[in-house]
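Protein chains in written order, with the numbering used here: chain P, 1 to 373; chain G, 1 to 294; chain F, 1 to 346. Where is the CB? At the ideal position from N, CA and C, for every residue including glycine. Owing to the predicted nature of the structure, the values given are computational and were not obtained by experimental measurement.
Quick look at the structure:
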């Protein structure tokens with residue numbers, strides 16, 4: 001199902017027909033049943049939906065972190081020219097943390113309590129980066145400092161020797177690698193505006209506040225300058241003020257590090273603030289995808305309309321809250337045809353029978369609804 | 001009258017459904033079923049010993065001493081001509097009843113003390129916890145040894161000694177449950193309605209303690225059997241000639257090389273009964289752990 | 001720095017518990033019989049001597065004063081006389097027998113840890129595969145096993161059956177072959193034969209000591225081994241479900257590092273606690289094992305003491321065990337603090 005994209009470059013991440021099922025005692029939960037998503041280079045993409053619609057599962061599926069009883073059944077995830085679902089475990093491991101990194105929801109439970117922050121950032125760096133040259137550069141730097149204090153010929157000669165070796169650096173010892181990695185960890189923490197990064201690097205997670213911990217997690221994700229950062233409800237566990245700080249931080253970083261960000265959230269407010277484009281999910285499917293402005297100004301899908309209507313307004317005449325009637329669908333036995341039809345006020349005969357496809361209606365505004373074709 | 005009975009049954013319906021669900025989950029595990037069957041065999045043997053055992057516990061046949069296992073004597077005979085098979089069955093009576101008595105008494109005593117300690121809090125709690133600390137400062141077997149020595153070496157004193165050793169862990173357990181439940185909102189609600197303290201403890205808090213209590217009790221039954229047998233082996237508890245498993249092993253030790261069956265079968269009985277209880281206890285623990293269920 | 005404060009704090013908390021323990025043994029000594037007997041060497045003793053002893057230990061005073069005398073005696077090193085041990089002073093008996101038990105316990109504990117931890121890890125990482133089931137059944141038999149019966153079983157197989165069938169067999173009892181002890185005497189440094197024979201470069205004694213300690217140590221370690229394997233498995237499974245493991249994987253870390261660096265360090269914490277608590281079980285088990293293998297340790301001494309109503313011996317042994325147990329708990333707490341930075345740094 002190739003969608004005609006008007007004059008946009010090839011997306012960085014292209015998900016097609018992704019199906020992830022969970023085989024449970026009660027039945028097969030079709031958490032993702034044909035998800036389609038595009039993320040472009042350098043943009044902040046939002047993925048919204050209610051709890052249980054499959055947002056987190058999507059992010060875990062991208063990184064292939066789905067554990068039994070879950071299984072990615074079919075689909076394609078194109079990333080930089082490769083289908084991630086067809087890679088070997090080893091190849092996938094090389095991508096995790098390096099080209100695609102993830103920031104999780106609750107920094108209290110997602111950071112290992114018995115390792116220092118520095119250790120946890122450094123390990124990503126040591127794993128994915130070749131630090132031979134950096135070690136050498138560090139050595140040179142140290143020696144040059146010594147030179148300033150006490151200049152002598154022997155030292156100068158040594159420095160020249162090392163500088164020559166920069167093109168073919170020797171294999172450093174583990175200790176040296178660790179030292180360099182920790183230095184880079186400090187830099188990563190500086191990038192996320194962590195106060196006193198040199199101190200934080202030696203501290204344990206429980207010694208930091210919630211906001212600081214979240215910054216540390218972001219630092220871990222950034223440390224190898226990935227092409228895509230997935231922020232899965234990254235601010236849900238934080239207070240509103242810290243939330244705002246973190247969101248701003250993500251945006252600034254995006255420019256500095258040249259990365260795309262996928263923000264997964266249930267909060268439309270966050271979407272409105274930081275996302276360039278947004279996709280709406282319902283019951284395991286993406287039902288609308290557009291740039292933020294268009295979505296808010298002109299929501300096409302009845303569900304999206306319902307979501308926006310449900311936001312209480314601070315102006316105008318006070319009125320009753322508009323809700324979306326009905327219940328969240330059962331993913332073991334989803335409704336036939338369009339999954340939203342039992343709750344939709346515009347439902348037609350065809351909605352019950354046939355599942356609508358994701359079609360581009362206006363420029364860069366896709367929707368999956370029979371109302372539009 | 002009719003109406004009362006019906007409403008009472010209706011009240012218990014959720015508990016009944018819960019109970020049936022637990023049984024259903026337990027039936028899933030073959031290990032638990034195996035354990036249940038084995039311990040049932042022992043219990044039946046213990047209860048129906050007079051009818052099942054071919055010979056009496058003290059019966060001696062002087063002409064058939066130290067015989068290896070045969071059709072006539074399934075487990076062989078000992079140095080006095082006693083039939084090991086029968087004595088093991090009679091021994092089940094002693095060891096199982098000691099275990100039940102000890103665990104039952106320790107659980108009740110410990111629970112009451114723990115409940116009071118947890119609910120009252122303050123100085124009473126502090127004092128009682130120091131007391132349990134001192135008891136728990138000793139390894140069980142050794143404390144039981146010392147107490148059994150103080151009281152005199154027979155089975156009744158052994159039982160008493162074991163009760164003294166085991167009650168502190170129940171006190172701790174129940175106290176823990178009471179402490180965590182006490183803070184919960186439904187207790188405040190009950191107090192707001194004006195419920196009396198004892199009513200709160202019994203009707204609201206204790207039912208939450210049933211599950212961990214049950215799990216611990218089942219596992220402790222196995223431990224008590226091991227400890228009681230161990231003590232009898234060294235010489236506390238069952239006197240000479242009594243058909244108790246630990247004692248039989250001690251007697252059999254003297255003839256270990258000539259007549260290994262004397263010590264083997266009672267030991268096997270201890271191992272199997274304890275194993276069965278542990279299997280059931282483990283299964284119960286897995287099933288009753290609230291996190292693992294849904 | 002916080003570590004030192006933590007240790008000091010725990011040591012101070014130790015005192016009330018030790019005090020309570022001494023009260024318990026004091027009470028027991030009065031329940032078992034006449035406390036005078038703890039200080040008396042033989043039956044035939046003159047009235048005057050008895051009176052002297054009573055006066056010296058304050059046994060004619062009211063009970064709470066008696067307790068103070070008791071404490072004083074304990075701290076002075078006068079723990080009474082052990083009648084069952086040829087009327088030696090109790091502290092001397094302890095000095096003689098304790099190293100044997102210590103050696104046995106250390107070897108047993110080492111076996112339990114060295115085998116139990118890896119078994120537990122393997123069982124957790126290969127959950128529900130055949131090896132897991134084998135380990136789980138083994139662990140279950142471990143906690144259900146009558147230690148003394150296992151000892152007899154081992155003796156029957158590795159001593160009797162092996163001997164009868166002409167195979168090299170393990171010795172039945174004692175710590176070392178008496179002939180070897182004479183021909184290649186071991187210098188008593190620590191009292192731990194294995195260590196001492198290594199220090200004095202005595203291979204014959206080492207071999208003999210090793211042969212003698214294998215069966216009792218294995219027998220003693222069986223239960224603790226099973227407990228540790230079980231706990232390791234349970235806590236590994238628990239840890240592997242945690243969120244930070246997902247994060248570790250999302251970083252692209254190889255599974256080996258996820259397990260051994262991220263998971264293990266967290267899973268060790270409850271396991272260490274269990275191992276420390278199991279120490280008490282080792283002491284109990286030592287009593288039974290030493291009896292079966294005629295191992296000259298405090299366990300065997302205690303059984304003799306209790307069976308012959310040697311009050312001095314009983315009290316001495318009980319107090320010793322309680323002190324060791326309490327110290328072991330302290331060590332566990334300290335280890336806990338080392339492993340878990342949350343405890344250490346508050």
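- Contacts with chain F at 7 angstroms (Cβ-Cβ) include residue 113 of chain P.
- Shortest Cα-Cα distance from residue 243 of chain P to any of P:262, P:214, P:259 involves P:214.
- For residue 255 of chain G, there is no enclosing alpha helix (DSSP H), since its DSSP letter is neither H nor E.
- For residue 169 of chain G, the three-state secondary structure derived from DSSP is helix.
- Non-local C-beta neighbours of residue 197 of chain P in its own chain, meaning closer than 6 angstroms and more than five positions away in sequence, comprise 186, 189, 190, ordered along the chain.
- Judged by DSSP in its simplified three-state form, residue 308 of chain F adopts coil rather than helix or strand.
- Within a 10 Å sphere around the beta-carbon of residue 89 of chain P sit fewer than 16 other beta-carbons, which makes this residue exposed.
- Flagged as an interface residue toward chain P: residue 244 of chain F, by a C-beta distance shorter than 7 angstroms.
- Straight-line measurement puts the Cα of residue 122 of chain P at about 36 angstroms from the Cα of residue 292 of chain P.
- For residue 216 of chain P, there is no enclosing beta strand (DSSP E); the residue is part of the alpha helix (DSSP H) that begins and ends at 210-222.
- Note on geometry: alpha-carbon atoms of residue 357 of chain P and residue 287 of chain P lie some 9 angstroms from one another.
- Secondary structure at residue 282 of chain F: helix, using DSSP grouped into helix, strand and coil.
- A direct Cα-to-Cα measurement between residue 25 of chain P and residue 69 of chain G gives close to 49 angstroms.
- Secondary structure of residue 208 of chain G (DSSP, three-state): helix.
- Separation of the CB atoms of residue 222 of chain F and residue 115 of chain F is rounded to 10 angstroms, and the pair is thereby denied contact status at 8 angstroms.
- Listed in chain order, the alpha helix (DSSP H) elements of length 4 or more contained wholly in the segment 215-269 of chain P are 240-257.
- A residue is called buried when at least 16 other Cβ atoms come within 10 angstroms of its Cβ; residue 120 of chain P meets this threshold and is buried.
- For residue 20 of chain P, the closest Cβ of chain F is not nearer than 7 angstroms.
- Between residue 40 of chain F and residue 180 of chain F, the alpha-carbon positions lie close to 37 angstroms from each other.
- Relative to the Cα of residue 324 of chain P, the nearest Cα in the group P:338, P:307, P:316 belongs to P:307.
- By the Cβ neighbour-count rule, residue 258 of chain G is exposed, with fewer than 16 other Cβ atoms within 10 Å of its own.
- Under the three-pair Cβ rule at 8 angstroms, the segment 261-279 of chain F does not count as touching the segment 141-152 of chain P.
- Residue 266 of chain F is classed as buried because its beta carbon has at least 16 other beta carbons within 10 Å across all chains shown.
- Listed in chain order, the non-local C-beta contacts of residue 143 of chain F below 7 angstroms within the same chain comprise 223, 226, 227, local neighbours out to five positions each way being set aside.
- Rounded to the nearest angstrom, the gap between the Cα atoms of residue 300 of chain P and residue 347 of chain P is 14 angstroms.
- Of the residues P:116, P:21, P:65, the one whose Cα lies closest to the Cα of residue 71 of chain P is P:21.
- In terms of beta-carbon proximity, residue 41 of chain G stays away from the interface with chain F, with every pair separated by 7 angstroms or more.
- Using a CB distance below 7 angstroms, the part of the segment 274-296 of chain F facing chain G consists of 280, 281, 283, 284, 287, 288, 291, ordered along the chain.
- Taking residue 221 of chain P as reference, the option from P:110, P:160, P:31, P:195 with the minimal CA-CA separation is P:110.
- In this structure, the alpha-carbon of residue 145 of chain G lies about 32 angstroms from that of residue 269 of chain F.
- Spanning the alpha carbons of residue 367 of chain P and residue 258 of chain F requires a straight line of approximately 41 angstroms.
- Excluding five sequence positions before and after residue 38 of chain P, the CB atoms of its chain that fall closer than 6 angstroms to its own CB belong to 11, 14, given in chain order.
- In the DSSP assignment, residue 88 of chain F is bridged to F:82.
- When the Cα atoms are used, residue 86 of chain P and residue 93 of chain P turn out to be separated by approximately 13 angstroms.
- At the C-beta level, residue 76 of chain G and residue 261 of chain G come within 7 angstroms of one another.
- For residue 25 of chain G, no CB of chain F lies under 7 angstroms from its own CB, so it is not counted at the interface with that chain.
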